[in-house]
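Single-structure report; data block below.
4 protein chains.
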Amino acid sequence: MSGARIRLGMVGGGQGAFIGGVHRIAARLDGRFDLVAGALSADPARAKASADELGIARSYSDYAEMARAEAARPDGIQAVAIVTPNHLHLPVARAFLQAGIHVICDKPLTATLPEAEELARIAKASEALFILTHTYAGYPMIREARRLVAAGALGQIRVVQVEYAQDWLARPESGKQAEWRTDPARSGEGGAVGDIGSHAAHLACYVSGQPITEVAAELTAFVEGRRVDDNAQALLRFAGGARGMLWASQVAPGFDNDIRLRVMGTEAGLEWNHATPNLLRFTRLGEPAQTLTRGGPGFQGAARVPAGHPEGYLEAFATLYAGAADAITAGALPEDLPGIDAGLEGMRFIAACIYSSRANGQWQRLG
Amino acid sequence: MSGARIRLGMVGGGQGAFIGGVHRIAARLDGRFDLVAGALSADPARAKASADELGIARSYSDYAEMARAEAARPDGIQAVAIVTPNHLHLPVARAFLQAGIHVICDKPLTATLPEAEELARIAKASEALFILTHTYAGYPMIREARRLVAAGALGQIRVVQVEYAQDWLARPESGKQAEWRTDPARSGEGGAVGDIGSHAAHLACYVSGQPITEVAAELTAFVEGRRVDDNAQALLRFAGGARGMLWASQVAPGFDNDIRLRVMGTEAGLEWNHATPNLLRFTRLGEPAQTLTRGGPGFQGAARVPAGHPEGYLEAFATLYAGAADAITAGALPEDLPGIDAGLEGMRFIAACIYSSRANGQWQRLG
Amino acid sequence: MSGARIRLGMVGGGQGAFIGGVHRIAARLDGRFDLVAGALSADPARAKASADELGIARSYSDYAEMARAEAARPDGIQAVAIVTPNHLHLPVARAFLQAGIHVICDKPLTATLPEAEELARIAKASEALFILTHTYAGYPMIREARRLVAAGALGQIRVVQVEYAQDWLARPESGKQAEWRTDPARSGEGGAVGDIGSHAAHLACYVSGQPITEVAAELTAFVEGRRVDDNAQALLRFAGGARGMLWASQVAPGFDNDIRLRVMGTEAGLEWNHATPNLLRFTRLGEPAQTLTRGGPGFQGAARVPAGHPEGYLEAFATLYAGAADAITAGALPEDLPGIDAGLEGMRFIAACIYSSRANGQWQRLG
Amino acid sequence: MSGARIRLGMVGGGQGAFIGGVHRIAARLDGRFDLVAGALSADPARAKASADELGIARSYSDYAEMARAEAARPDGIQAVAIVTPNHLHLPVARAFLQAGIHVICDKPLTATLPEAEELARIAKASEALFILTHTYAGYPMIREARRLVAAGALGQIRVVQVEYAQDWLARPESGKQAEWRTDPARSGEGGAVGDIGSHAAHLACYVSGQPITEVAAELTAFVEGRRVDDNAQALLRFAGGARGMLWASQVAPGFDNDIRLRVMGTEAGLEWNHATPNLLRFTRLGEPAQTLTRGGPGFQGAARVPAGHPEGYLEAFATLYAGAADAITAGALPEDLPGIDAGLEGMRFIAACIYSSRANGQWQRLG
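Residue numbers (my numbering), protein chains in the order written: chain A, 100 to 466; chain B, 100 to 466; chain C, 100 to 466; chain D, 100 to 466.
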């Protein structure tokens, strides 16, 4: 597929960043992208040093200049990965979308809901595609869960319980990662609810097939001096009548990056945990619980290696990039790939949680 | 200890009942009680048949008559186990307490909050003791968790997540058990929130050492025609500033009787699951997670068999009976044994959840 | 059932013993025995003190005298529990069997194979029954596994892997328990292979339905100065052509009392672990793995409490006592209750392992 | 690092192969190799079609021709990945090693021990490097286990239990994979013992730091008509005095690709399972069990993503390729990368098992 490799650029992700490196491995894993240009830092020297270290041919320090220059080249990038702090997603995405370059953007969509609405307008007006890297939607067993729900294997969905817990912010933050993620100006007004709650909310909807319509939330900043929430708890109402709960915490000792999703219907239930991502517990009422596996009996998804050979986070992320490659080839997103709508929905969720919490937990409609 | 065995009676628990049999095994397991009298049914013939089958010497069909007669005998019962449907807890307990006979009562305390308040007044006025069988408080690792929290091993408690899920009412109920437990007249206005949510709330407080002060709840009756909730979701605020969530469901396919409690503080976290009751996950910030075991290194509680020999539900229940025996011998409840206050607190929790849910999730103070 | 309670005696199990207390709880749990006589110690004062502490009416210090006296009383014991060190099993059992009193004996059957053969002759000649408390055969899911194999659900059995690991003898022994269990004169020539390997071998045969015909064993005494093996590893050949492995260790750090049994046939496999005794993993070729539960869908065994309410070691032990009560009532052992044959088979296994190990692992036939 | 990318070739791995695709992803994941030449099939048309599909610039159908041609080019490959059936490892490796091209070879080393000895002589005489892809040695927690043992954290090693179980050959084989792996002419005389037992034996030695010196084995071909063993069971003696067991099975229903390694010493034990490869259970005598995690507290290895973000099989494989890149750059293998010695040791293990089994389980020395 070398001949057909998609030329990729990257904005953000210079030395010291976390998610940029993940995007690069993900883009490389299936051999469908070549990373050929980057604005890895706003500082030209650091941008250049990072690009050199990574063997990226063309280095920029200004994303707008990069968008213009790449759009003008016959061998310019076809897609750009945006891995900056959240407040830059809008301007960077705008620049590339308007230059006709496809965007693969990290989540959450933007720092604020108005920004998200503007980006949604721009994306919908553009012929370039917009892909949002909701990592966990790339896990094969999450997609299998989604397929089972859509196929009616659970009956009518009643209850959706989702949680995403970490402990890395249990003490006052230090370090580059922690700083921008707890700075409302760069990350947005949501702390845990934005950074990881948005993932959890997306998973709940992605698998259940039901949008969240209302939330009643309690956001707390436990660590003294913290400017955003570090623990978010919410009751959820879904479009199809399901009821749910969401917990997102960055102050939960013993939780590295634990996600648990449970979806229960009239006929059966499903449970998925990030710690064992290749398994899905499937329980039909009145029958023994089944453990479904990636690649195992009944599995209808795609897998790179057979059952019993664990795939993980990087493979899930790579699956989003494979989807992006398919999308770019086909000119449209496959139905299982999160795009601008999922991003906007996520920002509405965050905003509604913040609003509800400020209103002492009053139920708040999304959007 | 045969000479010192406590003479026990039982009200309720005739043929076809579930919890009565559990109480009988629990009373027998440590050899500290002799079950010598019973009003196992209001129907004299059934009462007699049940008593005969169980080898119970003295059978009554009227609990009031039993209280009078036993109080008058020199070899009359010293304590009575009440295992009737909830709406009978008050009159039965009153009869025995006022006859000076100690009461060991199943939970929840009563069917309604006013009944609970009345029973609390009676119990406090009585010289007889009142013990509430919150089963899960008898599990050694729950007590170990409580001890660790009290000793400060977790630092200041921030988050308490508790859940109790079953699936046996996922379809329209049938059978004696299901019928009374979903009948507001016999069980109370709370369905799942009363039957199992009260257990979950008790565990949350028992281990965290913090009373729940406010709840914001969403109670749902998913099964058509059901008169009480079968799924309860609530946000919790605790006296010490902790924030929590509680989920109690009887319509969760794949959950037999699953309880999960997580308590997280500034320094460490704890997790306990009913499916593996002899373990406790203990996670200090910045250290590898530890698996504490009943009887294992550091364990300070009591255990009947060494580490690696699983104890279960009946042993936990028996531990409450052993506590009751200690209490009766000492004339006062040990601090780790649930009594009338825990019962009243549980009823306040149920009432607050019902009120909050009817008020569309408005935060509601307990009591 | 009080009127029908079986009068029970006990030999051994005085103050400081472990397994005696377990037998007493097991006998009490289902209310089918009354412990009325005991020779709890050979020292009359200690025997009396122990009996008084336990409320046992008649105390003896000489088991032979006890057998004679009890056999002569109209209200004498009907059965005796033998919980002495292994070398006393033969003389004590002989005394009671010859007095016509049923014997419930702890395992292994005796200290040596010749003793076992003699006891087998005595037991078969006696009208009194002989029951061996192979605890793990009392676990409901072990019996369910046995039933599934017998029903052909696994097809033809190919592989049986069993292990039993502890760590309590990883260092030079101290304490009463450790001392007699590592003393060849009291425990027998087998150390780990006798104390716990015999349990593992029994489980393998009990579930697979196939006797072990040959072993090739490596017994090791890792702890300096230890007179018996503390780690036993063996290859197994079964009567039906299955091949197996057995590991029994008392020097395995991190293992409290862990037993794992896996039985695999042409059509399906089973796995059981002592740490989660209420579950059984059942895997049909080409189908998702199922988790069978005690009391759950498809379960055909007996359970005291519903699925989701864990039963443990004491309940398993009590189930053997319930079986013993059934046997005494019926005059014959139910087919799922280990008796003299299982005991003799276990001793043959131990002897064959010792012989094989001394012959540098040469395959050795049992019996 | 693009400028420094190593030019890689591949022999084998055309359409329909499994492990070839794994090697390609592994080589790509960290961006340190460019796959530029291949002899993917002996059939020129299929070789070309496979190469085109993969975007490989230079296609050969004859590996000897490829070795000559690439050695002669200034931009010829620096290393070759050999992913053919086992019987071709020797001739292919010889061709490339003698052409001065580094070899990255799949395991087991060869089909027979004499071939392995010859390859070892060639490799040692060559200036080119030889790397053997014992996948599981690339798992971070396996390396952490090895480090802990080497650092003395377990004390003196006593017991090593290892197993590797699959079920994909439980029925008569069909398909390309199954055919060559059960054909002695292509795979070697060992079936399960060679294909997966060699992995298990390597892990046991890699982590324990002790070579296996003797085996007593029982190899069985359960499936009718199978020409090689499909179930291997062995007792192990290690150089340092440890005793072990190894089970390798391809007829174990319910096991996809399950590996479990337990290493126990005088002071502590370790357990690793392939199903949860990011965890390591670490149990010091007399302390609570710890769960060590990749990236978590105390971890000293390398990881691509933080704790809580699962890495899997492909990352482990990629870590071997990263090690190969380091080795090629440095001119020598890092100490944690399996090479020709590990390969020869593995073949000695297989041969000794076959010999022992044929001699009815007699202990057989390796080498």
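Heads up, the beta-carbon is just placed ideally off N, CA and C, and yes, glycines get one too.
Within 8 Å, do at least three Cβ pairs link the segment 260-272 of chain C to the segment 331-349 of chain C?
yes
Short-range partners of chain C found in the segment 400-417 of chain B, where Cβ spacing is below 8 Å:
Arg403, Val404, Pro405, Ala406, Gly407, His408, Pro409, Glu410, Gly411, Tyr412, Leu413, Glu414
Proximal chain B residues relative to alanine 163(D), where beta-carbon distance stays under 7 Å
As a working note, residue 163(D) is residue 64 in the fourth sequence. Per Cβ cutoff of 7 Å: no residues; alanine 163(D) is ~52 Å from chain B at best.
CB-CB length for valine 202(D) against alanine 210(D), believed under 8 Å
Here residue 202(D) refers to the residue found at position 103 when the fourth sequence is read from its first residue. Here residue 210(D) refers to the residue found at position 111 when the fourth sequence is read from its first residue. Not really, about 16 Å apart at Cβ, beyond 8 Å.
Using DSSP bridges, identify the partner residues of asparagine 50(A).
As displayed, chain A neither begins before 100 nor continues past 466, which places residue 50(A) out of reach and without an answer.
If you drop the 5 nearest sequence neighbours on each side, which residues of the same chain put their C-beta closer than 7 Å to that of proline 283(C)?
The residue given as residue 283(C) occupies position 184 in the third sequence. These residues qualify, in order along the chain: Arg326, Val327.
With DSSP collapsed to three states, give me the class of threonine 183(C).
As a working note, residue 183(C) is residue 84 in the third sequence. DSSP places threonine 183(C) in coil when its eight states are reduced to three.
Taking alanine 171(D) and glycine 199(D) to be in contact with their CB atoms under 8 Å, please state how far apart those CB atoms are, rounded to whole angstroms.
Position 72 of the fourth sequence, counted from the start, is the residue given in the question as residue 171(D). Position 100 of the fourth sequence, counted from the start, is the residue given in the question as residue 199(D). Actually they are not in contact, since the Cβ atoms of alanine 171(D) and glycine 199(D) sit about 11 Å apart, beyond 8 Å.
Count the C-beta pairs between the segment 287-304 of chain D and the segment 217-230 of chain D that are closer than 8 Å, then say yes if the count reaches three, no if not.
no
Would you kindly work out how many angstroms separate the C-alpha atoms of alanine 331(D) and isoleucine 358(B), rounded to a whole number?
Within the fourth sequence, residue 331(D) is the residue found at index 232, counting from 1. Within the second sequence, residue 358(B) is the residue found at index 259, counting from 1. Distance between the alpha carbons of alanine 331(D) and isoleucine 358(B) is about 41 Å.
What does DSSP give as the partner residues of arginine 464(D) in its beta bridges?
Translated into positions along the fourth sequence, residue 464(D) becomes position 365. DSSP lists Glu313(D) as partners of arginine 464(D).
Could you pull out every residue in the same chain whose Cβ sits closer than 7 Å to the Cβ of glutamine 276(C), ignoring the five residues on either side in sequence?
The residue labelled residue 276(C) in the question sits at position 177 within the third sequence. Excluding sequence neighbours, glutamine 276(C) sits near Phe117.
Chain-ordered chain D contacts of threonine 392(A) [CB-CB under 8 Å]
Reading the first sequence from its first residue, position 293 is the one you call residue 392(A). Correct list: Asp355.
Considering only C-alpha positions, which residue in the set Gly340(A), Asn377(A), Pro239(A) is nearest to glycine 308(A)?
The residue labelled residue 308(A) in the question sits at position 209 within the first sequence. Selected option, being the one with the closest Cα: Gly340(A).
Range covered by the beta strand (DSSP E) that runs through glutamine 332(B):
Residue numbering aside, residue 332(B) sits at position 233 when the second sequence is read from its first letter. From DSSP, the beta strand (DSSP E) with glutamine 332(B) extends over 330-337.
Own chain, CB closer than 7 Å to alanine 150(C), minus 5 neighbours either side, in chain order
Residue numbering aside, residue 150(C) sits at position 51 when the third sequence is read from its first letter. Closer than 7 Å at the Cβ level, and outside the excluded window around alanine 150(C), lie Gly137, Leu139, Ser158.
From alanine 458(D) to glycine 254(C), what does the alpha carbon distance come to, in whole angstroms?
Numbered from 1 along the fourth sequence, position 359 holds the residue referred to as residue 458(D). Numbered from 1 along the third sequence, position 155 holds the residue referred to as residue 254(C). Computed Cα separation, rounded: 30 Å.
List, in order along the chain, the chain A residues whose C-beta lies closer than 9 Å to that of glutamine 389(C)?
As a working mapping, residue 389(C) is identified with position 290 in the third sequence. Ordered by position in chain A, the residues that pass the 9 Å Cβ test against glutamine 389(C) are Glu386, Pro387, Ala388, Gln389, Thr390.
Touch test, the segment 388-406 of chain C against the segment 383-397 of chain A, Cβ-Cβ under 8 Å, three pairs minimum:
yes
Complete alpha helix (DSSP H) runs within the segment 399-460 of chain A (minimum length 4 residues, chain order):
412-429, 439-457
Name the chain B residues that come within less than 8 Å of isoleucine 427(C), Cβ to Cβ?
The residue given as residue 427(C) occupies position 328 in the third sequence. Here the premise fails: no neighbours, minimum Cβ distance about 17 Å.
Could you name the residues that DSSP lists as bridge partners for arginine 171(C)?
Sequence index remark: in the third sequence, residue 171(C) carries index 72 (1-based). First, the amino acid is wrong: residue 171(C) is alanine here, not arginine. In DSSP, alanine 171(C) forms no bridge with anything.
Going along the chain, which unbroken runs of the alpha helix (DSSP H) with 4 or more residues stay wholly within the segment 125-178 of chain C?
143-153, 162-171
In three-state DSSP terms, what is glycine 113(B)?
Mapped onto the second sequence, residue 113(B) falls at position 14. Coil at glycine 113(B), not helix or strand.
Serine 286(D) (DSSP reduced to helix, strand or coil):
If you number the fourth sequence from 1, residue 286(D) lands on position 187. Three-state DSSP puts serine 286(D) in a helix.
What residues in the segment 367-382 of chain A have a beta carbon less than 9 Å from any beta carbon of chain D?
His373, Ala374, Thr375, Pro376, Asn377, Leu378
Do the segment 395-415 of chain C and the segment 423-430 of chain C meet, that is, are 3 or more Cβ pairs less than 8 Å apart?
no
Isoleucine 230(A): first and last residue of the uninterrupted beta strand (DSSP E) it sits in:
Reading the first sequence from its first residue, position 131 is the one you call residue 230(A). Start and end: 229-231.
Alpha helix (DSSP H) containing tryptophan 346(A): first to last residue?
One-based indexing of the first sequence puts residue 346(A) at position 247. Tryptophan 346(A) -> not in any alpha helix (DSSP H); beta strand (DSSP E) instead, spanning 342-348.
For the beta strand (DSSP E) containing valine 322(A), name the first residue and the last one.
Here residue 322(A) is taken as the residue at index 223 of the first sequence, counted from 1. From DSSP, valine 322(A) is part of no beta strand (DSSP E); its letter is neither H nor E.
Does the beta-carbon distance from arginine 106(C) to glycine 175(C) come in below 9 Å?
Within the third sequence, residue 106(C) is the residue found at index 7, counting from 1. Within the third sequence, residue 175(C) is the residue found at index 76, counting from 1. Result yes, Cβ atoms of arginine 106(C) and glycine 175(C) sit closer than 9 Å.
Within chain A, partners of proline 239(C) - CB distance below 7 Å
Walking along the third sequence from the start, residue 239(C) turns up at place 140. Neighbours of proline 239(C) on chain A: none; closest Cβ ~15 Å, over 7 Å.
Is it true that the CB of glycine 111(B) sits closer than 9 Å to the CB of threonine 183(B)?
One-based indexing of the second sequence puts residue 183(B) at position 84. One-based indexing of the second sequence puts residue 111(B) at position 12. Closer than 9 Å, so yes.
Take the Cβ of serine 273(D) as the centre, count every other Cβ of all protein chains shown within 10 Å, and call the residue buried at 16 or more, exposed below.
Residue numbering aside, residue 273(D) sits at position 174 when the fourth sequence is read from its first letter. Exposed, since its Cβ has fewer than 16 Cβ neighbours within 10 Å.
Rounded to the nearest angstrom, how far is the Cβ of glycine 237(B) from that of leucine 419(B), given a contact under 8 Å?
Translated into the one-based positions of the second sequence, residue 237(B) becomes position 138. Translated into the one-based positions of the second sequence, residue 419(B) becomes position 320. Yes, glycine 237(B) and leucine 419(B) are in contact; Cβ-Cβ is about 4 Å, under 8 Å.
May I have the straight-line CA-CA distance separating alanine 224(B) from leucine 443(B), to the nearest angstrom?
Against the second sequence, residue 224(B) aligns to sequence position 125. Against the second sequence, residue 443(B) aligns to sequence position 344. Going from the Cα of alanine 224(B) to the Cα of leucine 443(B) covers about 15 Å.
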